[in-house]
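In full-length UniProt numbering, the protein residues as written are 1 to 123.
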């Protein structure tokens, strides 16, 4: 799967779609392929503060449990209840219906563009 060029990425395999100071966050197709079938998701609570680089949730798959790392400092504005009810959405549509949460970004995160992320995952 090609990584969309309009998104930004983290080295921990999250993507961000930024509109002003609000970012929608998900995990990349590369991450979902490495994890396998996702069966449970734990997301941060709306209103909670997250710190870039720190764990703010978990994805549990048939293979393992992986942390979701906060891509930036900020406050959680919304979570995607659909992925909590049906975690398989993260596997089937990681860049669309499988988004995880929205955050009001308060710090400038270190992000990669699609080309830099592609280079990272090809290593």
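Just so you know, even glycine gets a beta-carbon here, dropped at the ideal spot from N, CA and C.
Enclosing alpha helix (DSSP H) for residue i [first to last residue]
i	result
residue 29	29-35
residue 124	The structure shown does not extend to residue 124, since the chain is modelled only from 1 to 123, so the question has no answer here.
residue 118	114-122
residue 126	This structure does not reach residue 126, given that the chain is present from 1 up to 123, and the question cannot be answered.
Residue range of the beta strand (DSSP E) that includes residue i
i	result
residue 42	38-42
residue 55	55-61
Residue(s) in a DSSP beta bridge with residue i
i	result
residue 75	49 and 104
residue 69	55
residue 17	24
residue 64	Note: residue 64 sits in no beta bridge, so no partner.
For residue i, the nearest candidate out of the options (CA to CA)
i	options	result
residue 70	2, 14, 77 and 62	14
residue 110	3, 50, 4 and 8	8
residue 94	31, 55 and 48	31
residue 53	68, 20, 17 and 2	68
residue 86	73, 65, 61 and 108	61
Next on the checklist: For the region 99-108 against the region 17-34, do three or more pairs of beta-carbon atoms, one drawn from each stretch, fall closer than 8 Å, so that the two count as touching?
Outcome noted: yes
Checklist entry - Are the region 39-46 and the region 5-12 in contact at 8 Å, needing three or more beta carbon pairs? => result no
Item to check | Segment contact flag, the region 73-91 with the region 110-123, C-beta cutoff 8 Å, min 3 pairs | outcome: no
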